[in-house]
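Numbering (our numbering), first residue to last: 1472 to 1878. Structure first, commentary second.
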Ligand SMILES: Nc1ncnc2c1ncn2[C@@H]1O[C@H](COP(=O)(O)OP(=O)(O)OP(=O)(O)O)[C@@H](O)[C@H]1O
Ligand SMILES: O=C(CO)[C@H](O)[C@H](O)COP(=O)(O)O
């Protein structure tokens, strides 16, 4: 279908859902101003929407990536690494709401799924539900808008304001080359899940999550240790019911666990990180160590890699994950010298780099990001390169498809 941009000329009353015109309506209206009426599902309001639609010939080529994780598990850090792989800086929409959660770069637009909270902070408190509960989120709207963007149609996406805890007026999001939907539920609703070209789950073990949350919420947000513990405990049942199960659908999982190099370690500073890669995913060929399909345990420390206690250990091999065949690359320990990472990089294959040493270069460029000296930074960088490769392959395949076959 034609790529269309829809501009809404009216802002929405805050307790109404937003709709975008359907495909049939779009193929009918070209360069027109049309008005739609929509009743909210809760029956609490009806809204009159006015759209100006501009359609251009050609197909949309928005590739959609899903990134799921609990709050405070490194999604923002991962996004900064991913956008850096594509070059250019990611910024909030210019001239928009200063509390927007969206980040836009030349190639990517990252939207935060917290924006689809249907209940604001007070509403959640009144109903006694957490933000992780599906009842606090509007999956119909999430589906409609991600689908519209994938089809090349701009949308007016609501904004959840983390500062005030309120639902702010919507912001215009135009279809990008790569749309990343990051947050609590990108793979929860099967309709949204089916729109994803690639999905990632950041699986942070409870011990590590606790250490990171304490570090951030105490140092940066002034929370007490007790309140952090209480908030983690309060979220646990809903996390286990609604967030954690999404990892079974992910094409790549980055699992972060305490080290096994120090017996009974409870400091949580040294990490064992596993990159779990699903086999048989179109345009995604898993990274391997030494020899594809083999099982290897490797200690790279020595003449070419400086390691201090407790050292570094790599593992690579096939496994089964939620009934799927996967390849796992694992790194336990941390790097002393990032410039020596090139030694490890040269033993990894299928990295989808554009030149020798690109992984090391990316890691050195962001040496100040959390996790740059361990497997979290390494595997986030590698997944970023794999996403670039997947995007390029998808675009190339669409370009090759004969026009008649596209309809
Ligand atoms: N790889 C890492 N190694 C060590 N600490 C990390 C790592 N990633 C994140 N952290 C810690 O966790 C905190 C949260 O990271 P980040 O802001 O990337 O998470 P988030 O999932 O986007 O959080 P939120 O959803 O709450 O905004 C960081 O401030 C940092 O302290
Ligand atoms: O899990 C979260 C996702 O980041 C937040 O807790 C959720 O969005 C609710 O936000 P707030 O802390 O503003 O009440």
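Beta carbons are placed, not taken as given, at the ideal position from N, Cα and C, and that holds for glycine. None of the values given here were measured: they were computed from a predicted structure.
For residue i, report the span of its alpha helix (DSSP H) as first-last.
| i | result |
| --- | --- |
| residue 1795 | Note, residue 1795: premise wrong, no alpha helix (DSSP H); beta strand (DSSP E) at 1795 to 1804. |
| residue 1549 | 1546 to 1557 |
| residue 1850 | 1846 to 1871 |
| residue 1466 | No answer is possible for residue 1466: it lies beyond the span of the chain, which begins at 1472 and ends at 1878. |
| residue 1685 | 1677 to 1690 |
| residue 1661 | 1661 to 1664 |
| residue 1836 | 1829 to 1836 |
For residue i, I'd like the list of residues in its chain whose CB is within less than 8 Å of its CB, leaving aside the five on either flank, ordered along the chain.
| i | result |
| --- | --- |
| residue 1647 | 1533, 1575, 1578, 1579, 1580 and 1620 |
| residue 1858 | 1536, 1553, 1556, 1649 and 1669 |
Which same chain residues end up closer than 6 Å to residue i when comparing Cβ atoms and leaving out the 5 residues on each side of it in sequence?
| i | result |
| --- | --- |
| residue 1844 | 1805 and 1806 |
| residue 1776 | 1811 and 1814 |
| residue 1496 | At residue 1496, the pLDDT of 48 sits below 50, so the modelled position is not reliable; the number obtained from the coordinates is stated separately. Around residue 1496: no qualifying Cβ. |
| residue 1851 | 1549 and 1552 |
So residue i is in the beta strand (DSSP E); what residue range does that whole segment cover?
| i | result |
| --- | --- |
| residue 1594 | First-last for residue 1594: 1592 to 1598, but that is the alpha helix (DSSP H), not the beta strand (DSSP E). |
| residue 1892 | Because the chain in this structure spans residues 1472 to 1878, residue 1892 falls outside the shown range and cannot be described. |
| residue 1787 | 1783 to 1792 |
| residue 1748 | 1742 to 1749 |
| residue 1768 | 1767 to 1769 |
What are the residues that DSSP puts in a beta bridge with residue i?
| i | result |
| --- | --- |
| residue 1588 | 1608 |
| residue 1820 | 1759 |
| residue 1651 | 1536 and 1581 |
| residue 1698 | Beta-bridge pairing links residue 1698 to no other residue. |
| residue 1723 | 1671 and 1748 |
| residue 1644 | 1626 |
| residue 1714 | Note: residue 1714 sits in no beta bridge, so no partner. |
| residue 1728 | 1743 |
For residue i, which residues in the same chain have their Cβ closer than 7 Å to its Cβ, ignoring the five residues on either side in sequence?
| i | result |
| --- | --- |
| residue 1774 | none |
| residue 1754 | 1861, 1864 and 1865 |
| residue 1838 | 1809 |
| residue 1821 | 1756, 1757, 1758 and 1759 |
| residue 1795 | 1749 |
| residue 1605 | 1659 and 1713 |
If you draw a straight line from the C-alpha of residue i to the C-alpha of residue j, how long is it?
| i | j | result |
| --- | --- | --- |
| residue 1742 | residue 1659 | 28 Å |
| residue 1685 | residue 1719 | 28 Å |
| residue 1657 | residue 1651 | 10 Å |
| residue 1908 | residue 1824 | For the chain, the structure presents residues 1472 to 1878; residue 1908 sits outside this window and is missing. |
| residue 1748 | residue 1791 | 10 Å |
| residue 1711 | residue 1584 | 18 Å |
| residue 1709 | residue 1835 | 38 Å |
| residue 1582 | residue 1757 | 26 Å |
| residue 1560 | residue 1781 | 36 Å |
| residue 1785 | residue 1672 | 21 Å |
| residue 1611 | residue 1713 | 17 Å |
| residue 1818 | residue 1736 | 29 Å |
| residue 1683 | residue 1608 | 26 Å |
Query raised in the report: Do three or more CB pairs link the region 1826 to 1841 to the region 1764 to 1776 at distances below 8 Å?
Result: The count of Cβ pairs closer than 8 Å, one atom from the region 1826 to 1841 and one from the region 1764 to 1776, stays below three, leaving the stretches out of contact.
Requested in this report: Evaluate contact between the region 1668 to 1682 and the region 1586 to 1604, counting only Cβ atoms and requiring at least three cross-stretch pairs below 8 Å.
Outcome: no
Query raised in the report: Do three or more CB pairs link the region 1625 to 1642 to the region 1585 to 1595 at distances below 8 Å?
Result: yes
Query raised in the report: Should the region 1613 to 1627 be regarded as contacting the region 1547 to 1554, the criterion being three or more beta carbon pairs within less than 8 Å?
Result: For the pair of segments examined, the region 1613 to 1627 was found not to touch the region 1547 to 1554: the number of CB pairs separated by less than 8 Å stays below three.
Query raised in the report: Between the region 1697 to 1707 and the region 1716 to 1735, do three or more beta carbon pairs fall short of 8 Å?
Result: no
Query - contact_flag[the region 1566 to 1575, the region 1847 to 1856] where n(CB pairs < 8 Å) is 3 or more - result: no
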